Amino acid sequence: MAKGPGLYTDIGKKARDLLYRDYQTDQKFTLTTYTASGVAITSTGTKKGDITFGEIQTQLKNKNVTTDIKVNTDSTPMQNLLARDQEMREPHN
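Under numbering that gives the first Met the number 0, the sequence shown has 61 at position 62, and the numbering climbs by one with no breaks.
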């Protein structure tokens, strides 16, 4: 006997897996702008289901010092300060 089509629930599951399995449904928006004085400002918004997250990040580079400041929707501030010696020195023989 020939086997007919599978149950509707089996076909429906295969269709759902094809459409939604390992597929990201998050929505993300990022906007970055730069000023003439070297400040970068990045704003990011992410929506996951019914929850929305946001973050604002600023970055200032001045000579050999870089300052990063971030604040998110949980009002959690974070600051990084990086200082580098940009002077390249040749080894002495």
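Glycine included, each C-beta is placed from N, C-alpha and C at the ideal position. The structure displayed is predicted, hence computed values, not measured ones.
*Among 46, 70, 69, which has the Cα closest to the Cα of residue 28?*
As a first step, residue 28 must be located in the sequence shown, where it is residue number 29. Residue 28 has its Cα closest to that of 46, out of 46, 70, 69.
*Measure the alpha-carbon distance for residue 87 versus residue 73 and round it to whole angstroms.*
As a first step, residue 87 must be located in the sequence shown, where it is residue number 88. As a first step, residue 73 must be located in the sequence shown, where it is residue number 74. Confidence at residue 87 is low in this model, with a pLDDT of 46, below 50, so the placement of that residue is unreliable and no value is reported for it.
*Taking the runs of the beta strand (DSSP E) that are 3 residues or longer, which of them lie wholly in the segment 45-75?*
Runs found: 50-61, 64-71.
*If you follow the beta strand (DSSP E) that residue 31 is part of, which residue opens it and which one closes it?*
Along the sequence shown, read from residue 1 onward, the residue named residue 31 stands at position 32. Residue 31 -> beta strand (DSSP E) spans 26-33.
*Between residue 70 and residue 50, what straight-line distance do the alpha-carbon atoms span, to the nearest angstrom?*
The sequence position of residue 70 within the sequence shown is 71, counting from 1. The sequence position of residue 50 within the sequence shown is 51, counting from 1. Straight across, the Cα-Cα distance linking residue 70 with residue 50 is about 17 Å.
*Per DSSP, which one or two residues make a beta bridge with residue 81?*
Position 82 of the sequence shown, counting from 1, holds the residue named residue 81. According to DSSP, residue 81 shares a beta bridge with 65.
*Cα separation between residue 75 and residue 55?*
As a first step, residue 75 is located in the sequence shown; it is residue number 76 there, counting from the start. As a first step, residue 55 is located in the sequence shown; it is residue number 56 there, counting from the start. If you take the alpha carbons of residue 75 and residue 55, they lie about 11 Å apart.
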